[in-house]
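Working notes, structure below.
There are 2 protein chains.
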Amino acid sequence: MRSRILESAKSLFAEDGFQNVSIRKIADKIEYSPATIYLYFKDKDAILFALHNEGFRTLFSRQGENMRIVDPAKRLRALLEGYLDFALDEPEYYDLMFMLFTPLPKILKTSEWRYGRRAFRALQTTIQECQNKGLLKNTSIEAASLGLWGAAHGIAALLLRQRASMLPEDELPALAREGLRMLESHLLPLAPIPSA
Amino acid sequence: MRSRILESAKSLFAEDGFQNVSIRKIADKIEYSPATIYLYFKDKDAILFALHNEGFRTLFSRQGENMRIVDPAKRLRALLEGYLDFALDEPEYYDLMFMLFTPLPKILKTSEWRYGRRAFRALQTTIQECQNKGLLKNTSIEAASLGLWGAAHGIAALLLRQRASMLPEDELPALAREGLRMLESHLLPLAPIPSA
DNA sequence: TTACGACATTGAACACTGTTCAGAGGGTGT
DNA sequence: ACACCCTCTGAACAGTGTTCAATGTCGTAA
Chain E
1 MRSRILESAK SLFAEDGFQN VSIRKIADKI EYSPATIYLY FKDKDAILFA
51 LHNEGFRTLF SRQGENMRIV DPAKRLRALL EGYLDFALDE PEYYDLMFML
101 FTPLPKILKT SEWRYGRRAF RALQTTIQEC QNKGLLKNTS IEAASLGLWG
151 AAHGIAALLL RQRASMLPED ELPALAREGL RMLESHLLPL APIPSA
Chain U
1 MRSRILESAK SLFAEDGFQN VSIRKIADKI EYSPATIYLY FKDKDAILFA
51 LHNEGFRTLF SRQGENMRIV DPAKRLRALL EGYLDFALDE PEYYDLMFML
101 FTPLPKILKT SEWRYGRRAF RALQTTIQEC QNKGLLKNTS IEAASLGLWG
151 AAHGIAALLL RQRASMLPED ELPALAREGL RMLESHLLPL APIPSA
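Following this line, the structure appears as structure tokens:
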């Protein structure tokens, strides 16, 4: 039952966008009463949070392969590009996980919020390894991680919120990837490190 | 009257966050009936759009000084940092202008959407000048502008949506600025251009 | 077979939301 | 006195998230 609710919620989100999905519509789709949903989920936010977690699981499973790359610079590039690809492939999940305001405030305090910390730690250790190799110098790891994550996130967010409408729409995904790679090529050169 | 509505709407947004402001609350605050608001604004979105425009005006007035910087690399850095500062200083406006889904879909098609294009063009010509000086090579201007804008936007967006809670909260603005400057220092070196 | 408790389900309501519209009220000009 | 315009609003409609007493449907024990 729980999973049936989540399934139809997810498909409705994908169809009708986000704020246009009501408890009643989910209830209609699974042919139950709206009140039934509250037997399995405390809140509407609880539904969002469940999908939120599901999204993090698929993001992790996508990035698992990339985490095996030994060269930290290549790994970092792969992680950033994998992050952007995830955002473009699963816009509903991405919205939920990183752009929506609703489900988080409570989560930040109550639940331990494992996923975010785990992903962030992975990013930070990768950056640490890059710094050990002489890359990304002169910055704290905290600022570097925020900057790199923010770069990938921002490009994705502009596309998903349709703020880049001054660029041709059908080329947007390609431009987004090119833009990210351009940042990477300046920050994480694959060629031998230029003389510092 | 129009301006009284906008004023109380804006102050309520700043107090109670965004989705917690209803037409009725605005009406209560100005001591009029909810129906009165519809004499001056077609929609709730129309109110958001008006504030949206106001936000762009203040962003432009802030960036006006930066546009006078002659060195394109310095100008670009100032523009990006000014953009981030605006987001941190006026989170409600920024949310409305770049992160909210609501008011835009109609605007993109009906209204000519001058502000966005104007700001984007300014960014692009600055990047063009940078490329003429040998910076930001090997990228289309479209991708470069999307990447740089996205970087600044993403850092701001992560802070405003409280996604960077694994970093100490009181240092977040400083870390955001440091992260952005770190990106800039790799992309737009102020020192003479390293040998290509 | 009957009685009981545990469980799943729901209709109806509450307080809220954005929005519309017929009508009330006041002011001015004829 | 009448007509006109303008500003404003009460009341309603359809929708939202959420709650709760009440209903039905089981399996088990007497």
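These protein sequence lines are chains E and U, in that order.
If you read the first sequence in this note's numbering, its first letter stands for residue 1, the second for the next number, and so on.
If you read the second sequence in this note's numbering, its first letter stands for residue 1, the second for the next number, and so on.
Beta carbons are placed, not taken as given, at the ideal position from N, Cα and C, and that holds for glycine.
All values reported here derive from a predicted model rather than from experimental measurement.
For residue 8(E), the secondary structure class from DSSP, reduced to helix, strand or coil, is helix.
Against chain U, the beta carbon of residue 139(E) has neighbours under 9 angstroms at 178, 179, 181, 182 and 185, listed in chain order. Near chain E, meaning a CB-to-CB distance below 7 angstroms, the residues of the region 75 to 101 of chain U are 98, 99 and 101. Of all residues in the region 42 to 63 of chain E, none has a C-beta nearer than 8 angstroms to a C-beta of chain U.
Between residue 67(E) and residue 75(E) a beta carbon distance of about 7 angstroms is seen, short of the 8 angstroms cut, so the two are scored as contacting.
Excluding residues up to 5 positions away in sequence, 18 and 160 lie with their Cβ nearer than 8 angstroms to the Cβ of residue 95(U) in the same chain. In this structure the region 141 to 161 of chain E touches the region 161 to 181 of chain U; the number of beta carbon pairs closer than 8 angstroms is three or more.
One alpha carbon belongs to residue 123(E), the other to residue 11(E), and they sit about 31 angstroms apart.
Contact annotation for residue 166(E) against chain U: 116, 117 and 120 [CB-CB distance below 7 angstroms, chain order].
Per the Cβ contact rule, the region 52 to 66 of chain E is not in contact with the region 117 to 136 of chain U (fewer than 3 Cβ pairs under 8 angstroms). Secondary structure note for residue 143(U): its alpha helix (DSSP H) is the uninterrupted segment 141 to 160.
Among the residues of chain U, none has a CB under 8 angstroms from the CB of residue 5(E); the nearest is roughly 23 angstroms distant. For the options 73(U), 25(U), 181(U) and 119(U), the alpha carbon positioned closest to that of residue 55(U) is the one of 119(U). Setting aside the 5 residues that flank it on each side, residue 151(E) is surrounded in the same chain by 183, each with a C-beta closer than 6 angstroms to its C-beta; the list follows chain order.
The continuous alpha helix (DSSP H) containing residue 63(U) extends over residues 44 to 66. In this structure, 5(U) is the residue among 59(U), 5(U) and 15(U) with its C-alpha nearest to the C-alpha of residue 35(U). Residue 163(E) sits in coil when the DSSP states are folded into three classes, being neither helix nor strand. The criterion of a C-beta distance shorter than 8 angstroms is satisfied by residue 156(U) and residue 84(U).
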